[in-house]
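End of the sequence shown sits at 115 in the numbering used here; the numbers just go up one at a time, nothing left out.
Ideal Cβ positions, reconstructed from N, Cα and C, are used throughout, including at glycine.
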Amino acid sequence: MVTTQIEESLQIAEAWQEVGDAPGVTIINSHGLRSLKQQGRDMELPLFVSMASVISKLQKTTQTIFSVVEDDKVEALVKITTDTLGDLLSPDSGIIFVLDVEQVIGLKHYHEDDS
Numbered sequence: 001m002v003t004t005q006i007e008e009s010l011q012i013a014e015a016w017q018e019v020g021d022a023p024g025v026t027i028i029n030s031h032g033l034r035s036l037k038q039q040g041r042d043m044e045l046p047l048f049v050s051m052a053s054v055i056s057k058l059q060k061t062t063q064t065i066f067s068v069v070e071d072d073k074v075e076a077l078v079k080i081t082t083d084t085l086g087d088l089l090s091p092d093s094g095i096i097f098v099l100d101v102e103q104v105i106g107l108k109h110y111h112e113d114d115s
């Protein structure tokens with residue numbers, strides 16, 4: 001899931017972990033290329049400037065949130081996301097996508113005993 005709604009992203013991640021029985025939820029600060037280009041145009045920048053220097057000056061970021069969960073938990077996580085963010089077709093609300101994961105190595109189930 002990717003969203004510009006920074007405050008809601010932690011709420012979504014915590015709900016994913018609780019409802020989705022997710023062993024871990026990762027949140028990454030990210031920047032969309034369209035947004036980078038627009039903000040770069042809005043800034044007065046020298047002709048030759050690196051994308052890294054544009055990113056360092058930007059204030060608008062997005063949150064990319066992901067987790068590996070069982071198939072039967074996916075719809076609940078999608079519902080949590082849309083209930084929190086609203087209509088994902090609205091500008092700057094976010095996107096959510098689901099990918100099949102063939103194999104996971106190094107992930108311990110959330111409720112397994114640490115022994």
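Cross-strand partners of residue i (DSSP beta bridge)
i, result
"T62", "S30"
"T3", "Q63"
"I95", "V2"
DSSP state of residue i mapped onto helix, strand, coil
i, result
"I105", "coil"
"I12", "helix"
"D114", "Note that D114 has pLDDT 48, beneath the 50 cutoff, so the model's placement of it is unreliable and no number is given."
"L88", "coil"
"V78", "helix"
"E70", "coil"
"V19", "helix"
"D83", "helix"
Beta carbon proximity, residue i to chain C, threshold 9 Å
i, result
"T4", "Of the protein chains in this structure there is only one, and it is not chain C."
Separation of residue j from residue i, as counted between CA atoms
i, j, result
"E18", "R34", "33 Å"
"M1", "D72", "18 Å"
"F97", "V78", "9 Å"
"Q103", "D87", "32 Å"
Contact check, residue i vs residue j, beta carbons under 9 Å
i, j, result
"A13", "S67", "yes"
"H31", "T62", "yes"
"L85", "E8", "yes"
"L23", "L107", "Residue identity differs from the one stated: residue 23 is Pro in this sequence, not Leu. For P23 and L107, yes; Cβs fall inside 9 Å."
"T120", "I28", "The chain is shown only over 1 to 115; residue 120 falls outside these bounds and no answer can be derived."
"A95", "W16", "The identity of residue 95 in the sequence shown is Ile, whereas the question assumes Ala. It is not a contact, given that the beta carbons lie outside the stated cut-off."
"E70", "D21", "yes"
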